[in-house]
Amino acid sequence: MKIIVIGATGTIGSNIVRKLEEQHEVIRVGSKSGDYQLDLTSPEEIEKMYKSIDNIDAVVSATGSASFKKLEEMTPELNTVAVQSKLLGQINLVLIGQHYLNANGSFTLTTGVMMDDPIVHGSSAAMANAGVASFVKSAAIELKNGIRINSVSPTIVEESLSKYGAFFDGFNPVPVDRVSNAYIKSIAGAQTGQNYTVY
Ligand SMILES: NC(=O)c1ccc[n+]([C@@H]2O[C@H](COP(=O)([O-])OP(=O)(O)OC[C@H]3O[C@@H](n4cnc5c(N)ncnc54)[C@H](OP(=O)(O)O)[C@@H]3O)[C@@H](O)[C@H]2O)c1
6 MKIIVIGATG
16 TIGSNIVRKL
26 EEQHEVIRVG
36 SKSGDYQLDL
46 TSPEEIEKMY
56 KSIDNIDAVV
66 SATGSASFKK
76 LEEMTPELNT
86 VAVQSKLLGQ
96 INLVLIGQHY
106 LNANGSFTLT
116 TGVMMDDPIV
126 HGSSAAMANA
136 GVASFVKSAA
146 IELKNGIRIN
156 SVSPTIVEES
166 LSKYGAFFDG
176 FNPVPVDRVS
186 NAYIKSIAGA
196 QTGQNYTVY
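Using the working numbering, you'd call the opening residue of the sequence shown number 6 and step up by one each time.
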């Protein structure tokens, strides 16, 4: 398969790429890194990517930003980070990409644990995660040509503890290797409309 991975140099994305490369052709995408650069928040850049890379079988999004702030410090403006990036950026990959993907292809997006298990500072990210998961469930019944769609909801990843561990006291971290297996299952399997929790 020819597979686009957006966020390919990240903690989760790089592990997904390492596994996929054993069997597939992988195009690594980031805003500054990788084989191809795009800003996920730009629908024009997403369309340009699909026009530039042909014969795509699968799209993986292992990216998406959000502002982490206490609710009392969260503002409408700060909230737009998650809306533009994690929510609309990922959804636009599907809305635009559905017209370019090969038949029987797949989309795999990323959500996250705080949509189900709230943390302080996590309301904006939780909003985006839940929006993505609901979109996935609903889009799955309408995508044409055998195209499937799933999302992966990781808990805090062991390899990210130094960056985000302070937000996740009492959570059980999982190795990134377990998280990336859920993306492989989404791409290689037959299920659609799922949000795979890796907790
Ligand atoms: N790590 C965790 O513990 C954890 C747990 C639950 C959920 N998640 C979710 O999983 C996803 C990936 O997390 P991560 O920790 O692996 O991220 P990360 O290590 O920070 O990597 C982010 C990746 O996204 C790319 N990127 C950043 N901004 C972009 C943009 N505007 N357009 C396109 N690409 C962009 C980066 O490449 P460039 O630098 O080239 O832009 C990089 O490859 C996020 O949605 C995160 O919320 C992570």
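For glycine and all other residues, C-beta sits at the position ideal for the given N, C-alpha and C.
Residue from the options with nearest C-alpha to residue i
i	options	result
residue 35	169, 50 and 140	50
residue 140	182, 167 and 97	97
residue 198	143, 171, 178 and 118	143
residue 95	135, 68 and 28	68
residue 120	42, 107 and 136	136
CA-to-CA distance, residue j to residue i, given in whole angstroms
i	j	result
residue 75	residue 85	15 Å
residue 11	residue 64	8 Å
residue 23	residue 154	22 Å
residue 14	residue 88	22 Å
residue 40	residue 114	20 Å
residue 148	residue 188	19 Å
residue 152	residue 33	21 Å
residue 184	residue 80	31 Å
residue 132	residue 186	25 Å
residue 101	residue 59	14 Å
residue 93	residue 175	31 Å
residue 37	residue 103	25 Å
residue 73	residue 47	22 Å
residue 57	residue 164	33 Å
residue 44	residue 117	21 Å
residue 177	residue 78	27 Å
residue 20	residue 82	33 Å
residue 112	residue 134	16 Å
residue 27	residue 182	15 Å
residue 191	residue 42	24 Å
Buried or exposed (CB count within 10 angstroms, at least 16 for buried), residue i
i	result
residue 130	buried
residue 146	exposed
residue 66	buried
residue 167	exposed
residue 193	exposed
For residue j and residue i, believed in contact at Cβ under 8 Å, the rounded distance
i	j	result
residue 25	residue 9	Not really, about 10 Å apart at Cβ, beyond 8 Å.
residue 17	residue 180	About 11 Å; that fails the 8 Å criterion.
residue 105	residue 55	4 Å
residue 201	residue 162	Not a contact, Cβ separation roughly 14 Å.
residue 126	residue 173	In fact, because the Cβ distance is near 11 Å, the residues do not count as touching under 8 Å.
residue 108	residue 150	4 Å
Same chain only: Cβ atoms within 6 Å of residue i, ignoring 5 sequence neighbours per side
i	result
residue 110	62, 63 and 152
residue 203	159, 179, 183, 184 and 187
Residue-chain proximity (residue i, chain C), Cβ-Cβ < 7 Å
i	result
residue 71	The chain inventory of the structure shown lacks chain C, comprising one protein chain alone.
Sequence-distant residues of its chain with Cβ nearer than 8 Å to residue i (five each side left out)
i	result
residue 30	6, 7 and 8
residue 70	86, 87, 90 and 91
residue 123	131
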